[in-house]
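J.:
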Amino acid sequence: MNQPVKPPQEAPPQRAVPSPAGAPPVVKPRSGYRFVLTCLVLLLIVAGIVWWSKQQSAPEQAGGGRGRNAGPMSIVPEVVGKGDIGINLNALGTVTSLATVTIRSQISGYLMKIDFKEGDEVKKGDLIAEIDPRPYEAALNQAKGNLARDEALLKGAQVDLARYQGLAAQNAVPRQTLDTQVALVAQDQGTVEADRAAVRAAEVNLNYCRILSPLDGRVGLRQVDQGNYVTPGDATGLVVITQLKPISVLFTVPEDNLQPISKRLQDGAVLPATALDRGGATKIADGTLQTFDSQIDPTTGTIKLRAQFPNENEALYPNQFVNIRLLLDTHKGVTTMPTAGVQRGVPGTFVYLVNADDTVSVRKIDLGVTDGDRVEVKSGLQPGDRIVVDGADKLRDGAKINVRAEADTNVQPAGAGATPGATPGSTPGAGKGGKRRHPEGEQKQDSGQKQ
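With the working numbering, letter number 289 in the sequence shown gets 292, and the count goes up by one each step, no holes.
(1) Which term fits ALA151, buried or exposed, when burial requires 16 or more other beta carbons within 10 angstroms of its beta carbon?
(2) Give a yes or no on whether 8 Å exceeds the smallest Cβ distance from THR99 to chain B.
(3) Below 6 Å CB to CB, which residues in the same chain sit around ARG69 once its five sequence neighbours on both sides are set aside?
(4) To the nearest angstrom, report how far apart ILE368 and THR339 are at their CA atoms.
(5) Taking buried to mean at least 16 other C-beta atoms within 10 Å of its own C-beta, is GLY193 buried or exposed?
(6) Give me the Cα-Cα distance between ILE90 and LEU330, rounded to the nearest whole angstrom.
(7) Check the DSSP bridge columns for ASP191 and list the partner residues they point to.
(8) Spatial neighbours of ILE404 within its chain, please: CB distance less than 6 Å, with the 5 preceding and 5 following residues excluded, ordered by chain position.
(9) Can you tell me which of PHE312, ASP259 and GLY336 puts its alpha carbon nearest to the alpha carbon of VAL98?
(10) Along the beta strand (DSSP E) that carries ASN93, what are the first and last residues, could you check?
(11) Classify GLY96: buried if its beta carbon has 16 or more other beta carbons within 10 angstroms, exposed otherwise.
(12) In three-state terms, what does DSSP make of LEU274?
(13) Check whether the Cβ atoms of LEU218 and ILE106 sit closer than 8 Å, and answer yes or no.
(14) ILE327 to GLY344, Cα distance in whole Å?
(15) On the three-state DSSP scale, how would you describe ASN413?
(16) Give every residue of the same chain whose Cβ lies closer than 6 Å to the Cβ of THR103, excluding the five residues on either side of it in the sequence, and list them in chain order.
(17) Restricting to Cα atoms, I'd like to know which of LEU40, THR342, LYS127 and PHE254 is closest to ILE390.
(18) Expressed to the nearest angstrom, what Euclidean distance is found between the alpha-carbon atoms of LEU40 and GLN346?
(19) Could you round the C-beta distance between ALA1 and ILE287 to whole angstroms and report it? I think they count as a contact, below 8 Å.
(20) With 16 as the cutoff for other CB atoms within 10 Å, does PHE38 come out buried or exposed?
(21) Tell me the DSSP bridge mates of GLU133?
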């Protein structure tokens, strides 16, 4: 009989054969393959990370401008000059009027007339207002009548005194009668003097009915209307007059500046003072320093000064806040340079000096006073030297430079290649704003290719 053929059976998977006691176990073949594969994957990952880091650092080194193979940097130079530079003290001040007067009535009465308009400019002696003068005219006439009566009595007493003196010389009247008449004459003289004083007082009160301006200035807002009854005790008064021309500014400076200021004033120097707006950019008026306070404020360590301004255009107004620039002294004929060229680092204060071979060198300098955007150079530079004022952030000693004009720093000549010192990936002719500027020839070439 034919027996059926059995299909071949797969070999059972290999298993680790238990080893006798003390012998190392037999490792499965598949575990070794996995270990080798894992190591290879880790090595590939590490190699990829190293390659990616080098690729990222290469553009930074090429565009940093500090490598030895980097192109010349584009800079803007400026020539060191010679001139005058001032020593200025800056302070915050308040405009203050030299005279502010509240016009009040010195007598009581009805306000009959107001002879000004609010905001008018008045002169000293101009009529401001009028009060009803009739009661004071009557009082003056009464005082004059009393004076005339008492003067007549005095004359009669003086005539009697002269008569008694003649009789007394002949022993015709008692001595007591003569003495009594002398006393009566003296009494009448005192009464006449009192009447004259009363007449003068009545005249003064009558003059007070016409209120006049005591100074030149600007009239403020009216406080009392016509027809009101005014008295000397009114708190608000009639109006306020403020002097605007000239005007002063009060400001404070540190006490350390007092001695130089005092010395200059004692020497007879006139210290100019300039009033600037709150932003400190626009000049408002020019004046001079007048004086300083008699004591230092112990809480702040400052002293108060007063500067006076003509204020012809009335640009300064009371209680206005302004910046004051006081010119203390002037250094004449010194070496000056722009503050934009000053660099500070390990050498101290230095500048990048432009050499004749289109390179720069570090030059240490000693600075003096600063006036705006100019600074005094005590040592290290001479008039005529050229220094870097723009583009010095990536320079080093001995670096090559490309001098450019500040007005047009990004225009390339026709047919020129890439801009020297440009970083990889940058657009040739790109300016500070990142916009590309095409030369005229390149524009024509592009249009020809499109056609």
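Cβ atoms here follow ideal geometry from the backbone N, Cα and C, with glycine treated the same way.
T.: Quick answer:
(1) exposed
(2) Any reference to chain B falls outside this structure, which holds one protein chain only.
(3) Here the model assigns ARG69 a pLDDT of 45, short of 50, so the residue's position is not dependable, and the following value carries that caveat. Closer than 6 Å at Cβ, skipping near neighbours: no residue.
(4) 12 Å
(5) exposed
(6) 6 Å
(7) DSSP output for ASP191 lists no bridge partner at all.
(8) PRO75, MET76, ILE78, ASP361 and VAL363
(9) PHE312
(10) 84-99
(11) buried
(12) coil
(13) no
(14) 27 Å
(15) A caution first: ASN413 carries a pLDDT of 40, below 50, which makes its placement in the model unreliable, though a value can still be read off. It is coil, neither helix nor strand.
(16) THR245
(17) THR342
(18) 58 Å
(19) A question about residue 1 goes unanswered here, because the residues of the chain that appear run from 4 up to 454.
(20) exposed
(21) LYS116 and ARG213
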